[in-house]
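Numbered by this note's numbering, the letters in the sequence shown go through residues 216 to 307 in order.
By construction, the Cβ of each residue, glycine as well, lies at the ideal position given by its N, Cα and C atoms.
Computed from a predicted structure; not experimentally measured.
Step one of this worksheet: look at the structure below.
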Amino acid sequence: MHQIGNQKDSNAWVAQTWAAFILSISMTTVGILNLPADVWIKGFMGMGLAFSVGSTFTLAKTTRDLHESRRITARIDEAKVEQILSQHHPLK
Numbered sequence: 216m217h218q219i220g221n222q223k224d225s226n227a228w229v230a231q232t233w234a235a236f237i238l239s240i241s242m243t244t245v246g247i248l249n250l251p252a253d254v255w256i257k258g259f260m261g262m263g264l265a266f267s268v269g270s271t272f273t274l275a276k277t278t279r280d281l282h283e284s285r286r287i288t289a290r291i292d293e294a295k296v297e298q299i300l301s302q303h304h305p306l307k
């Protein structure tokens, strides 16, 4: 059975993703605050932004968990097949 290693992102990639996230949230917030609209409209748009960010984190976590569970299931299935093959090896 081959070993599946942990994939590690580089520090530069992690820094770039955090910078992009912070910049996008900041610019959207500044845009909402500078809209020529009533406070309740700005509040509604701010709530929409907050819920969009929260649901994006939830979706990303759920997708990652699903991927990891499938990967573990595949590794278990592969180990079972290798065990069966080793027990029923025709040359033994």
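About 6 Å separates the CB atoms of Lys257 and Leu250; that is less than 8 Å, so the two are in contact.
Using a Cβ-Cβ distance cut-off of 8 Å, the stretch 260-279 and the stretch 289-300 are not in contact, since fewer than three pairs of beta carbons, one from each stretch, lie closer than that value. The criterion of a C-beta distance shorter than 8 Å is not satisfied by Ile247 and Val268. Under the DSSP assignment, Ser239 falls in the alpha helix (DSSP H) whose first and last residues are Asn226 to Leu248.
In this chain, His303 is not harboured by any alpha helix (DSSP H), its DSSP state being neither H nor E.
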